[in-house]
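Peer 1: Provided herewith is a single structure, encoded as structure tokens, for subsequent inquiry.
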Amino acid sequence: MRKLINHPDDLAVELIDGFVLTNSKKVKRVARHVCARREAPIAGKVGIVIGGGAGHEPLFLEFIGRGMADVSVHGQIFAAPTPDAILTAIQAADAGQGVLLLYNNYAGDVLNFDMAQELARMQGIEVETVLINDEISAFPPERAEERRGTTADHLVIHIAGAAAESGASFAEVLRITRKAVFNSRSLGVSTAPCTLPETGLSTFDLPAGRMEFGMGLHGEAGIRQCALLSADATAEQLLAAIVADLPFRAGDEVIALVNGYGATTRMEMFLVMRRIHSWLTEQGMSIHASELGEFCTAQEMGGVSVTLMRLDDELKKFYDATADSPGYRSLP
Amino acid sequence: MRKLINHPDDLAVELIDGFVLTNSKKVKRVARHVCARREAPIAGKVGIVIGGGAGHEPLFLEFIGRGMADVSVHGQIFAAPTPDAILTAIQAADAGQGVLLLYNNYAGDVLNFDMAQELARMQGIEVETVLINDEISAFPPERAEERRGTTADHLVIHIAGAAAESGASFAEVLRITRKAVFNSRSLGVSTAPCTLPETGLSTFDLPAGRMEFGMGLHGEAGIRQCALLSADATAEQLLAAIVADLPFRAGDEVIALVNGYGATTRMEMFLVMRRIHSWLTEQGMSIHASELGEFCTAQEMGGVSVTLMRLDDELKKFYDATADSPGYRSLP
Amino acid sequence: MSPADFRRAAAAITAKINAECLHLCELDSAVGDGDHGTTIQRGTKAGLEKLQAAPPASLSEDLMSFSMGMLSSMGGASGPIYGSFFQGMAMAAKGHQAADAPLFLAMLKQGLAQIQKIGKAEPGDKTLIDSLLPAIQAYEAALAEGADFATCLQRMSAAAWQGVEHTKTLVSKRGRSRYAGERGLGHADAGATSMALMLECLANNAKGETSCAS
Amino acid sequence: MSPADFRRAAAAITAKINAECLHLCELDSAVGDGDHGTTIQRGTKAGLEKLQAAPPASLSEDLMSFSMGMLSSMGGASGPIYGSFFQGMAMAAKGHQAADAPLFLAMLKQGLAQIQKIGKAEPGDKTLIDSLLPAIQAYEAALAEGADFATCLQRMSAAAWQGVEHTKTLVSKRGRSRYAGERGLGHADAGATSMALMLECLANNAKGETSCAS
Ligand SMILES: Nc1ncnc2c1ncn2[C@@H]1O[C@H](COP(=O)(O)OP(=O)(O)O)[C@@H](O)[C@H]1O
Ligand SMILES: Nc1ncnc2c1ncn2[C@@H]1O[C@H](COP(=O)(O)OP(=O)(O)O)[C@@H](O)[C@H]1O
Ligand SMILES: [Mg+2]
Ligand SMILES: [Mg+2]
Ligand SMILES: [Mg+2]
Ligand SMILES: [Mg+2]
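Chains as they are written, first to last, in the numbering used here: chain H, 209 to 540; chain Y, 209 to 540; chain Z, -4 to 209; chain X, -4 to 209.
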């Protein structure tokens, strides 16, 4: 083990303690596994609840704030949060305008969030769910509803949050959020394994000098292993698969995102982004904005994922709005 | 090797290419190794030039923007930039109000920056230098001027940048920046080694389950190795050394910073921050603000550093101002 | 099986899972995300605490406390799944002071029904159903042959372990492990293994009291 | 040493450093930041390119081109240090068509002086001075004994390598490696090693022309 922790059983709760202490000016603790932006619930605004397993920080914990979500519910390491915690989160976000549950499409998350959604509805709270499923490797397009959510998360959350902030109705927020999800595609490569902090076990083996495409955020097996490619070749192969999937076409305007999984240097991310710009330009697409950093991590896994989101004027308008969350800030 | 790169010789220039493409709305390329915020040089404002070797991103490259520096000069991996590049940076920052050279105190940087400063002065540009030397492990307080600069960088740059932005005179900016440096102290622990991207060589060995205090940002040997401590114990030992050095005293108001060196998870950083808050509170200090993230990295090195900066009303006023740089954003 | 028997069984389950935690994580690592051991360990501990904190109650109420303790502590896919399993058993036990052999069969069946109701998994999907279903079938066959409660329980846990073996030959269609696809072949399913451990503990702690049942 | 000799020497230096790049990085890793090899490789390549791009010129101008090429490409501590070294040699060579044995000594001495002027290091600080200074002293002694240019140069490079050996016994006081302190013992200094390589190449490529010097 190479990690600085205390007692393994306390990991999730202690990291949330630290998060709230670090951001006490703008964030509050609602329950052991539930945090909210200070102002939540915000009168007249659609509420947005995000969440999932811990260990992917800043996702989802830190994406609460202006132009982002209202409440985040953060489970144990790699384990979806429990129904009771999610219910508490829904109540903390509810201002009577409806509450959107926005999270990644994993079996465990769906099982727990659905239970909580049912309980909340029994209490008369209007709740709807939008699942994020941007990762293209695990299933073909015709089975898109089975796909996992990964690194498009903070982009979708920001667009949903900006739409809600603008005073849009629940139906409008749902429509815009679904559109943001529909237009997002991601694929990643892993270059180094990650270890579970409680056990010190690595979730998969990957020898130095090799890379794996489509590896999951929890070390779930990917689709293809090969010798480590150059930054340029990596960008080209990821883009070819992503662009073919939607498909993205010449003339499309996109957001280009390079996400680091954990141990990846920004140097590597910049090299990949460099090729993304030249490649998309060659294809006749225009890049409205570029994002680079660690938004969705898998502990200290090495490698990057690339996400493209196709924009229309409506999505662009909300994307360009201010975002101010501990995990993601963007100023016009 | 586990890194996504192209040709090793092109690393530094290609990463700067990617940086400029990613941030083209707010940043411009001035020369191969020189970037500036779009508006630079800014009439009536003191110019601020920062820089150093590459491989520590976001430091220094990405700390240019509103409330931060005007120009950054970024060398090769772990090698200070050259005198001609630094001279170009000084010219790009100069609006006739004086130019501050703000960088870390390493032999290589001082040699190159001093040469450039001399050349700039020969051209009639008013230039002064403030060296950052927050790292306490390498030399005792009485030899503080020999100490290295590390993770206080973006805090000092922000305070200097905010002071310059406020229209302060060159003398004022110098005084305030020196005060920020004087009140900053840092110490870190490493838990995993890092490799040089050009060679794939790791700059030091560190077995799993061990940690080293005071390791340099380039793998320079530290002061003490021991078995991996808990997050709590790590925070306590770092704080004890830092607080004794200035010394920080009960009643002091501070900024508390936890910096990740590269492979460190935010989970670990939050655990360390959690103990920092309880420890400083026990000591009767008050925390004006907390910062957590990767600001100054050493490739994929594991571990954290802790920085404390003691504030007075003047430093607080400038710290609280907006910062908007690709590497560091802060909103009031 | 009396309430006291179940409380003893729950304690045994919790101890057993705690001992097997790392092994279950390793199984989950092979194809999933490596956390099943810690998740189920957290769940059984919380379930037992809830149970022991509760005043003496009926078998059904005790099963429900254990279920709620797991559901509110585990998360992941297995939280709702195991929560539903014990909830189903609780529903079938309602109104009975203790469970005799036939009632215990009904409890197992309703536990399975709840799992499938929420999880939608089919036999052969490489989930804990693949150790639970053969266990139930073996139990039912034994009962039909007129075997006593103790024997039925022994056949049940033996069959559960055969089911675990069988999962090595299956390709996962549920949960995280499905992403492994063919790569999962040769690895036993983590949840099927934890289910076999639970059934084994239930068997060993229920059989003593059969006489005073119903 | 004629301008042509120096150009040949510069090419030899560049090839030699290129071949030793990884080794120099390893030496720098032991106590410094592991980049001396890549830094000096970049510098000699750039210096040679500048030299070859320049029209035929005097020895002093050629040395100056090489110096500027290194200075504007290397960075790090060794960039200004090596830049100053060749700049010092250029200053001493000014006005001479070629260098004979006595002039070459003066060039070495001024090169060292420039290094110390900007770097402030003393002999024994575990820097490239610890291979350069003994090399100069050996050269000077040989010259005093009346040895010819070729012999002086051979003594010079032999002494440089002895200096490199000696650095293993020194504790660094300059540059990054000083942080290693005692831990640096047993490791040769990277810069002292690259300096010995340079002096060796200068020796091997200057000696042919001694006759036609001055
Ligand atoms: N839909 C389902 N129905 C029944 N069992 C399931 C289902 N999905 C997953 N499981 C079981 O849960 C186990 C994994 O549990 P766990 O690792 O704790 O959750 P997660 O997959 O969220 O990490 C699998 O081994 C499988 O036996
Ligand atoms: N002040 C100095 N005077 C002379 N030589 C020096 C000085 N500082 C460093 N050096 C030499 O430079 C070498 C290191 O060069 P290099 O690794 O390229 O630069 P950096 O230390 O910036 O990484 C050392 O081995 C030493 O020989
Ligand atoms: Mg899990
Ligand atoms: Mg260096
Ligand atoms: Mg799992
Ligand atoms: Mg070096």
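C-beta: ideal position from N, C-alpha, C; glycine also. In this text the structure is predicted, and so the values were computed from the model without any measurement.
List the residues that DSSP assigns as beta-bridge partners of residue 237 (chain Y).
Peer 2: Y:243.
Peer 1: Can you pull the DSSP bridge partners for residue 421 (chain Y)?
Peer 2: Answer is Y:397, Y:432, bridged to residue 421 (chain Y).
Peer 1: For residue 48 (chain Z) and chain H, any beta-carbon pair shorter than 7 Å?
Peer 2: It does not: the Cβ of residue 48 (chain Z) has no partner Cβ on chain H nearer than 7 Å.
Peer 1: By the three-class DSSP mapping on this structure, what secondary structure does residue 506 (chain H) have?
Peer 2: Coil, per DSSP.
Peer 1: Write down the C-beta distance between residue 243 (chain H) and residue 235 (chain H) rounded to the nearest angstrom, noting that I regard them as a contact closer than 8 Å.
Peer 2: Right, their Cβ atoms sit about 6 Å apart.
Peer 1: Please report whether the beta-carbon of residue 286 (chain Y) lies at a distance below 7 Å from any beta-carbon of chain X.
Peer 2: Yes, because at least one Cβ of chain X sits closer than 7 Å to the Cβ of residue 286 (chain Y).
Peer 1: Of all the options X:-3, X:139, X:133, X:38, which has the alpha carbon lying nearest to the alpha carbon of residue 90 (chain X)?
Peer 2: The residue with the shortest Cα to Cα distance from residue 90 (chain X) is X:-3.
Peer 1: Would you mind telling me which residues of chain Z sit closer than 8 Å to residue 407 (chain H), beta carbon to beta carbon, in chain order?
Peer 2: Within chain Z, the residues near residue 407 (chain H) are 17, 20, 29, 32, 33.
Peer 1: If you follow the beta strand (DSSP E) that residue 537 (chain H) is in, where does it begin and where does it stop?
Peer 2: First-last of the beta strand (DSSP E) with residue 537 (chain H): 536 to 538.
Peer 1: Name the DSSP beta bridge partners of residue 117 (chain X), please?
Peer 2: Its beta-bridge partners do not exist; DSSP assigns none.
Peer 1: Bridge partners for residue 221 (chain Y) per DSSP, in chain order?
Peer 2: In DSSP, residue 221 (chain Y) forms no bridge with anything.
Peer 1: Please name the residue, chosen from Y:439, Y:339, Y:516, that lies closest to residue 463 (chain Y) on a Cα-to-Cα basis.
Peer 2: Residue Y:516 is the option with its Cα nearest to residue 463 (chain Y).
Peer 1: Can you tell me whether residue 331 (chain Y) is buried or exposed? The criterion is at least 16 other CB atoms within 10 Å of its CB, across all chains shown.
Peer 2: Exposed.
Peer 1: Going by DSSP in three states, residue 565 (chain H) sits in which element: helix, strand or coil?
Peer 2: Limits of chain H in this structure are 209 at one end and 540 at the other, which puts residue 565 (chain H) out of reach.
Peer 1: Mind checking residue 413 (chain Y): buried by the 16 CB within 10 Å criterion, or exposed?
Peer 2: By the neighbour-count rule (16 or more Cβ atoms within 10 Å), residue 413 (chain Y) is not buried but exposed.
Peer 1: According to DSSP, simplified to helix, strand and coil, what is residue 469 (chain Y)?
Peer 2: Looking at residue 469 (chain Y) - three-state DSSP - the assignment turns out to be coil, as it is neither helix nor strand.
Peer 1: Within 10 Å of its beta-carbon, does residue 211 (chain H) have 16 or more other beta-carbons around it, so buried, or fewer, so exposed?
Peer 2: Its Cβ being crowded by 16 or more others within 10 Å, residue 211 (chain H) is buried.
Peer 1: When the Cα atoms are used, what is the spatial distance from residue 207 (chain Z) to residue 99 (chain Z)?
Peer 2: With a pLDDT of 34 at residue 207 (chain Z), under the threshold of 50, the modelled position of that residue is not reliable, and the figure given next carries that caveat. Computed Cα separation, rounded: 14 Å.
Peer 1: Cβ of residue 259 (chain H) within 7 Å of Cβ of residue 311 (chain H)?
Peer 2: Contact flag set, yes.
Peer 1: Quick one, what's near ligand 4 if you take every residue whose CB is closer than 5 Å to any heavy atom, in chain order?
Peer 2: For ligand 4, the selected residues are Y:286, Y:287, X:28, X:30, X:71.
Peer 1: Can you tell me whether residue 252 (chain H) is helix, strand or coil according to DSSP?
Peer 2: Residue 252 (chain H) falls in the coil class under three-state DSSP.
Peer 1: Where does the unbroken beta strand (DSSP E) through residue 320 (chain Y) begin, and where does it stop?
Peer 2: Run containing residue 320 (chain Y): none in the beta strand (DSSP E); it sits in the alpha helix (DSSP H), 315 to 330.
Peer 1: Helix, strand or coil: which one does DSSP assign to residue 486 (chain Y)?
Peer 2: DSSP places residue 486 (chain Y) in helix when its eight states are reduced to three.
Peer 1: Alpha carbons only, please: which of H:358, H:270, H:341, H:334 is nearest the one belonging to residue 512 (chain H)?
Peer 2: For residue 512 (chain H), the nearest C-alpha among the options comes from H:358.
Peer 1: Leaving out five residues on either side along the sequence, give the residues of the same chain with a beta carbon under 6 Å from the beta carbon of residue 209 (chain Z).
Peer 2: With a pLDDT of only 31 at residue 209 (chain Z), under the threshold of 50, the placement of this residue in the model should not be trusted, and no figure is reported.
Peer 1: At the level of alpha carbons, what is the spacing between residue 205 (chain Z) and residue 146 (chain Z)?
Peer 2: Reliability of the predicted coordinates at residue 205 (chain Z) is poor, the pLDDT of 40 falling under 50, and the value obtained from them is presented with this limitation in mind. Computed Cα separation, rounded: 11 Å.
Peer 1: Does the beta-carbon of residue 472 (chain H), which I'm using as the reference point, lie nearer than 6 Å to any heavy atom of ligand 1?
Peer 2: No, ligand 1 has no heavy atom inside 6 Å of this Cβ.
Peer 1: Buried or exposed for residue 457 (chain Y), please, with buried defined as at least 16 other CB atoms from any protein chain shown within 10 angstroms of its CB.
Peer 2: With fewer than 16 Cβ atoms within 10 Å of its Cβ, residue 457 (chain Y) is classed as exposed.
Peer 1: Just tell me which of H:459, H:354, H:372, H:420 has its CA closest to the CA of residue 445 (chain H).
Peer 2: For the residues H:459, H:354, H:372, H:420, the minimum Cα distance to residue 445 (chain H) belongs to H:420.
Peer 1: Taking just the CA atoms, how far does residue 68 (chain Z) sit from residue 149 (chain Z)?
Peer 2: Each residue's Cα considered, the two are about 30 Å apart.
Peer 1: How many angstroms separate the CA atom of residue 450 (chain Y) from the CA atom of residue 525 (chain H)?
Peer 2: For residue 450 (chain Y) and residue 525 (chain H), the distance between alpha carbons rounds to 46 Å.
Peer 1: In this structure, how does DSSP classify residue 442 (chain H) when only helix, strand and coil are distinguished?
Peer 2: Helix, per DSSP.
Peer 1: Whose Cβ in chain X lies nearer than 7 Å to the Cβ of residue 516 (chain Y)?
Peer 2: Residues of chain X passing the Cβ test: none, with the nearest at roughly 22 Å.
Peer 1: What span of residues does the beta strand (DSSP E) with residue 214 (chain H) cover, start to end?
Peer 2: Per DSSP, residue 214 (chain H) belongs to no beta strand (DSSP E) and is neither H nor E.
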